[in-house]
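With my numbering, you'll find the sequence shown wraps up at 1273, consecutive numbering, no jumps. Structure record follows, encoded as structure tokens.
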Amino acid sequence: MTNLVILVGRIARDPETRTTQGGTSITSISVVTDRPARKDGKTYKDENGYTAKDSEFHRITCFNGLGQNVAKYCTKGQLVTVEGRIHYTQWEDQSGAKRYGCEIIADKVDFLTKGRSGSNEGAPDIDED
């Protein structure tokens, strides 16, 4: 059985990092992917003459060293490849209603365009170890 996700998209907002009480560093990013929009099973052009797109936003969670490098080198608008796995969560909110969530736990993030300080020099493709 396999749970493998590979996404290529742009970072929708700057990374956000937090640290758990146990000292684990967690960095979150949102990656947006596009695909051609369809009406009646066919792609169509928007008002500017371009193929219309449907966008999806994916929550990506990076732990420890991977997350620290993503926080250091990534910025909004940067093109990245993310490899990881889908993780579903379930919890009860304050009113007792069941809530559900989905995120991608990243194992690897590759920088396809420049990020912070206009350079990825010294920013290798990074894996979660």
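Yeah, the Cβ is synthetic: ideal placement off N, Cα and C, and Gly gets one too.
Pairwise C-alpha distance: residue j and residue i
i, j, result
"Thr-1225", "Asp-1190", "27 Å"
"Ala-1250", "Asp-1184", "35 Å"
"Asp-1178", "Gly-1153", "8 Å"
"Ile-1248", "Gln-1165", "22 Å"
"Gly-1228", "Phe-1255", "15 Å"
"Thr-1163", "Cys-1206", "12 Å"
As assigned by DSSP and simplified to three states, the class of residue i
i, result
"Tyr-1232", "strand"
"Thr-1146", "coil"
"Pro-1159", "coil"
"Thr-1195", "strand"
N- and C-terminal bounds of the alpha helix (DSSP H) containing residue i
i, result
"Leu-1301", "Because the chain here runs from 1145 to 1273, residue 1301 falls outside it and cannot be looked at."
Identified DSSP bridge partners for residue i
i, result
"Thr-1225", "Val-1152, Asp-1254"
Element boundaries [beta strand (DSSP E), containing residue i]
i, result
"Asp-1178", "1169-1180"
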